[in-house]
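S.K.: Here's a structure for you.
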Amino acid sequence: MLRTRMRLNWIQTSPCRVRGIMGSSHSTTAVQNEIITDRATLDHLDKNLLHNKDPNAMVHVPEVTDKSKKDLSFPKIELHLHLDGSIRFSTLLELSLARGTPLKGAKTVEELKKVLITHEPANLSRVLEAFDLFLPIVRGDKVAIERIAYEMCEDQAANGVIYFEGRYSPHLLCLPGGELTAVGVVEAVKRGFDRGEAQFGVKARSIICCIRGLDQYADDVLQIATDCRHLGVVAIDVAGCAHGADEQYEAKIVHIFQEAYKRGIHRTVHAGESGTAKEVYKAIHDMHADRIGHGYRVMRDPDMYRKFFVYDHRVHLEACPYSSVMTGAVPLDWKNHPIATWAKDKVNFSVSRDDPTCFDNTMLSELELVRSEIGLTPHQLWQCQLNAAHSCFLTEEEKRPLVEKILAAEPHK
């Protein structure tokens, strides 16, 4: 989502720049807007992470109007999207009632939304509690998993998305000792994505997740990523709540990512969401991350921010603005959201939704939020799609038609 750039500069100007990202050569001069460095101010932000001026503030997904659809009609790409957090409410309701296990008694879609969605900023652990409710409904069911993948494609097409990457832990979608294996989950997702692409023209790929605290699955994640590229697996990730002083990943997980790097497997890492700026550094330096999921708290270390994201555009930031406030990753203060700084500094980042089953957001509503609340222009949001096209985990040959479609739809500045 971001950046206004000029078409004539779509060239790689130095070894530390990704071709096409940012659209203009960015010199190593001063960052364009002020970064908070005062320790007292930073501590105050942390202590008041969940609220801005109104301690009882509620957050709502913005309405998508006809004007929004027109202004944001360019092709879209979504890079940070959890498959198991992207289940339609109607599908969840149907499956839960068919199994005789209604979710907290919900018998209608509206009742189910009240169960799963909160409009009050909380923390990551609170948001993830919803998964404990609805994941058992689909776990071990390859037909349901294929359906979810297929319906994701249909929903994305309705919002003008031409490519997305769905991430998930295959081990959390199968039952221990059950008939469905982790590889079977990947196969089910592939069938759904293939049907979705054939019917709706939306291309989709899989990112396989390690889970923090469940490193017993890590070796298998690496092996699946190695062996299942033909099933559309393009990368690995690690997700889950952070714990500990510096909230670093376990040595086992770090080793898996280092091995993935050696094998040429792409890597994205959840970092700087509930964790610290140091977590972002470790993800890039130790785990060789191509992309960072969230990364907002890198702003607490201005030198690191400049080094990795302002003066060097190789590492892509996957921003999820609505999620960032609902999980307490950033304060409820849209105009001072890290995305506003990233846009001004021409950082390589894009916009995604994270877990729409928890937030009831669409790609159009997410972009409208960034436009209306954070203040980015349609051209900056278009630039975001170009950033995502260059930073997605397809081959260069596969990226080319995505880039061409986006370039052909450039809006006026």
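Count the sequence shown with full-length UniProt numbering and you get residues 1 to 413, in order.
Heads up, the beta-carbon is just placed ideally off N, CA and C, and yes, glycines get one too.
Owing to the predicted nature of the structure, the values given are computational and were not obtained by experimental measurement.
(1) Can you have a look at D237 and say buried or exposed, based on whether 16 or more other CB atoms are within 10 angstroms of its CB?
(2) Considering only residues of the same chain and omitting the five flanking positions on each side of P102, which have a CB-CB separation below 6 Å?
(3) What does a CB cutoff of less than 6 Å around L83 pick up in its chain, not counting 5 residues either side in sequence?
(4) Count the other C-beta atoms from every protein chain shown that fall within 10 angstroms of the C-beta of D141, then say buried if there are 16 or more, exposed otherwise.
(5) Skipping 5 residues on each side, what residues in its chain have a beta carbon closer than 7 Å to that of L402?
(6) Between the alpha carbons of H119 and H285, how many angstroms are there, rounded?
(7) Helix, strand or coil for E63? Go by DSSP, reduced to three states.
(8) Measure the beta-carbon distance from P378 to L72 and round it to whole angstroms, keeping in mind my assumption that it falls under 8 Å.
(9) Per the DSSP calculation, E165 is bridged to which residue(s)?
(10) Which whole-angstrom value describes the C-beta separation of C210 and L128, a residue pair presumed to lie in contact below a C-beta threshold of 8 Å?
(11) Out of W382, M326, R99, which one is the CA nearest neighbour of K405?
(12) Here's the rule: buried if 16 or more other CB atoms are within 10 angstroms of the residue's CB, otherwise exposed. What is Q380?
(13) For the stretch 205-292, list the beta strand (DSSP E) runs that are entirely contained and at least 3 residues long, ordered along the chain.
(14) Can you give me the C-alpha to C-alpha distance between K399 and S391, rounded to a whole angstrom?
(15) If the criterion is Cβ atoms closer than 8 Å, does the pair V269 and A260 meet it?
(16) What are the start and end residues of the beta strand (DSSP E) that includes I77?
(17) By alpha-carbon positions, which one of C174, F308, V115 ends up nearest to V186?
(18) Beta-carbon separation of I292 and V310 under 8 Å?
(19) Confirm, please, whether the CB-CB distance from Y281 to M304 is below 8 Å.
(20) Kindly indicate which three-state DSSP category E318 falls into: helix, strand or coil?
(21) Of the residues H80, L81, G105, which one's Cα is nearest the Cα of L92?
(22) Of all the alpha helix (DSSP H) runs that stay within the bounds of the stretch 91-123, which reach a length of 4 or more residues?
(23) Write down the C-beta distance between I207 and V221 rounded to the nearest angstrom, noting that I regard them as a contact closer than 8 Å.
(24) When you compare only the Cα positions, how much space is there between E410 and F74?
(25) What span of residues does the alpha helix (DSSP H) with F393 cover, start to end?
(26) So, helix, strand or coil for S86, using DSSP?
(27) Give me, in chain order, the residues of the same chain whose beta-carbon lies closer than 7 Å to that of residue 460; leave out the 5 immediate sequence neighbours on both sides.
(28) Leaving aside the five residues before and after G160 along the sequence, list all residues of the same chain whose C-beta is less than 8 Å from its C-beta, in chain order.
(29) Would you mind reading off the limits of the beta strand (DSSP E) that contains S350?
(30) Could you check what DSSP says for H294 in three-state terms: helix, strand or coil?
(31) Would you mind sorting residue 416 into buried or exposed? The rule is 16 or more other CB atoms within 10 Å of its CB.
M.R.: In short, the structure shows the following:
(1) When all chains shown are included, D237 counts as buried.
(2) So the list reads S96, once near-sequence residues are dropped.
(3) G166, Y168, listed in sequence order.
(4) D141 should be labelled buried.
(5) Taken in chain order, the residues that qualify are I77, I162, Y163, A389.
(6) Distance between the alpha carbons of H119 and H285 is about 36 Å.
(7) Reduced to three states, the DSSP call for E63 is coil.
(8) The beta-carbon separation of P378 and L72, rounded to 6 Å, stays under the 8 Å limit for a contact.
(9) When DSSP reads this structure, E165 sits in a beta bridge with R205.
(10) Contact between C210 and L128 is ruled out by a C-beta separation of about 16 Å, above the 8 Å threshold.
(11) Cα-wise, what sits closest to K405 is W382.
(12) Buried, since its Cβ has 16 or more Cβ neighbours within 10 Å.
(13) With a minimum length of 3 residues, the continuous beta strand (DSSP E) runs that stay inside the stretch 205-292 are 233-239, 266-271.
(14) It is roughly 9 Å from the alpha-carbon of K399 to the alpha-carbon of S391.
(15) Not closer than 8 Å, so no.
(16) Segment 76-82, the beta strand (DSSP E) holding I77.
(17) Checking every option, the nearest Cα to that of V186 belongs to C174.
(18) When the beta-carbon positions are compared, I292 and V310 stay at least 8 Å from each other.
(19) Pairing M304 with Y281 gives a Cβ-Cβ distance under 8 Å.
(20) Of the three classes helix, strand and coil, the one that applies to E318 here is strand, per DSSP.
(21) Considering only alpha carbons, the answer is G105.
(22) Look at the stretch 91-123 and you find these whole runs of alpha helix (DSSP H), each 4 residues long or longer: 109-116.
(23) Actually they are not in contact, since the Cβ atoms of I207 and V221 sit about 10 Å apart, beyond 8 Å.
(24) Approximately 7 Å between the Cα atoms of the pair.
(25) No alpha helix (DSSP H) holds F393; DSSP gives it neither H nor E.
(26) Coil.
(27) Coverage of the chain is limited to positions 1 through 413, which leaves residue 460 absent and any answer about it impossible.
(28) Excluding sequence neighbours, G160 sits near L72, S73, F74, P75, K76, M363, L364.
(29) Residues 349-351.
(30) For H294, the secondary structure class from DSSP, reduced to helix, strand or coil, is strand.
(31) Past the edges of the chain, shown from 1 to 413, lies residue 416, and the structure says nothing about it.
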